[in-house]
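Using numbering that gives the first Met the number 0, the letters of the sequence shown map in sequence onto residues 0 to 282.
For each residue, glycine too, the CB sits at the ideal point set by N, CA and C.
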Amino acid sequence: MARALVTGSTSGLGLEFGWQLAGTGHDLVLVSRDEDRLRAVAEQIRDVHDVTVEVMSVDLSDRRELERVEVRLTDPVDPVDLLVNNAGYGLRGGFLEVGIEDHEKQLDTLMRAVLVLSHAAARTMVQRRRGAILNVSSLAGYTTAGPYAASKSWVTVFTESLAMELKGTGVTATALLPGFVQTEFHERAAMSMDGLPRITWLKAPYVVEQALKDAAKGSVLSIPSVKYRTAGEMSRIAPRPLVRAMTSPNWYRRLQARSVERSRRRASRRNLRAPWQREDDAL
Ligand SMILES: NC(=O)c1ccc[n+]([C@@H]2O[C@H](COP(=O)([O-])OP(=O)(O)OC[C@H]3O[C@@H](n4cnc5c(N)ncnc54)[C@H](OP(=O)(O)O)[C@@H]3O)[C@@H](O)[C@H]2O)c1
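Okay, here's the thing in structure tokens:
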């Protein structure tokens, strides 16, 4: 039976990776910070699927703790066949509002952990001549939406180059670039997405299913849904000043402000016809 190690597996995309991989006969190693939540997820998956589920409570931004995952990936006795570098989060506030330690922690989670774990997994997998690495990046990486977007840009480019280096080894690397997905991500980052049309949202089960199909085919990039593949192409060829104007930091605050403004304008055009507005003196 193949085994998959998934980081950030207590909620959102990572949780869905856990379920779908268990459903397709993978033993699991689940990695996240929240130990209680990890144990509960493992128990629920074991109840439904006949697979083994290990849990590792690890903060990936902590170098010592990350080393434990690195060691697990090189275990020759119970090897890992698929690494899903999924854990990630956005910060609450713009670049200048957030302290530098928090920026560094985010960078260590979004980039350093991906670098270190991909290195450990790829080396071991190449020796066994089989395996796959799936790095969860984001379409945000094509935009200029702050350090988060810059980190995701790094994940995409890094994975593309790793895929080329691994050619012919029996090991593949795939970058997943989702658009907006309904998970805990935006709530955790205190991002109000009120102004975003409902059609923009994707559901985690769909995104994960597409990503696993693309990874199984050995595709280098996976962009679930035609609308986001089109948006991805457009943002790649669009003039950079336009991209900067549309996606500069705190874009979601501007989005929300615009949506509030639109609602107020719509409301003010309506005639309320409330009883207290009557101008008759027949009272
Ligand atoms: N949702 C979207 O619209 C969207 C779009 C594009 C890309 N993405 C990317 O998709 C990935 C998954 O995010 P999501 O949307 O599923 O968000 P989510 O529901 O908030 O899940 C994030 C997961 O990462 C874990 N995590 C966060 N920091 C960690 C750390 N330092 N060490 C270990 N685990 C950590 C969290 O678990 P614990 O709190 O238990 O540690 C949680 O399981 C991220 O890389 C994100 O950037 C999301």
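Rounded to the nearest angstrom, the gap between the Cα atoms of PHE94 and PRO146 is 7 Å.
Comparing alpha-carbon positions, the option among VAL135, GLN255, PRO238 and ARG128 lying closest to ALA189 turns out to be GLN255. In this structure the segment 217 to 235 touches the segment 154 to 162; the number of beta carbon pairs closer than 8 Å is three or more.
Non-local C-beta neighbours of ARG122 in its own chain, meaning closer than 8 Å and more than five positions away in sequence, comprise THR73, ordered along the chain. In terms of Cα proximity to THR9, the closest of LEU20, PRO177 and ALA41 is ALA41. At least one heavy atom of ligand 1 sits closer than 7 Å to the Cβ of GLY11. Taking 8 Å as the upper bound for CB-CB distance, GLY178 and LEU195 are not in contact here, some 10 Å apart. The straight-line gap separating the alpha-carbon atoms of LYS212 and VAL170 is approximately 15 Å. When rounded, the separation of the alpha-carbon atoms in LEU82 and ALA148 is 22 Å.
Within the same chain, SER150 and TRP153 come within 6 Å of MET110 by CB-CB distance, once the 5 residues on both sides are set aside. The three-state reading of DSSP puts GLY130 in strand, counting E and B together.
Bounds of the beta strand (DSSP E) holding LEU175 are 170 to 175. A straight line joining the alpha-carbon of ALA174 with that of LEU133 spans about 6 Å.
Rounded to the nearest angstrom, the Cβ distance from PHE184 to GLY89 is 7 Å, consistent with a contact under 8 Å.
Secondary structure of LYS151 (DSSP, three-state): helix. Relative to ligand 1, SER60 has its C-beta within less than 7 Å of a heavy atom.
With respect to the C-alpha of LEU106, the residue from THR246, LEU59, HIS118 and GLY22 having the closest C-alpha is LEU59. Residue state for SER31 is assigned as strand, using DSSP reduced to three classes.
Per DSSP, the continuous alpha helix (DSSP H) segment holding GLU64 begins and ends at 62 to 72.
The three-state reading of DSSP puts GLU183 in coil, since its state is none of H, G, I, E or B. Relative to the non-hydrogen atoms of ligand 1, the Cβ of PRO204 never comes closer than 7 Å to any of them. If the five residues before and after VAL52 are omitted, its C-beta is found closer than 7 Å to the C-beta atoms of LEU27, LEU29, ALA41, ILE44 and ARG45, all from its own chain and listed in chain order.
The DSSP-derived three-state label of ARG111 is helix. The shortest CA-to-CA distance from TYR141 to any of GLY167, LEU176, THR108 and PRO274 is the one to LEU176. For the pair THR229 and VAL54, the Cα-to-Cα distance works out to about 38 Å. Put simply, of GLY98, ARG71 and LEU65 the residue whose alpha carbon is nearest the alpha carbon of VAL115 is LEU65.
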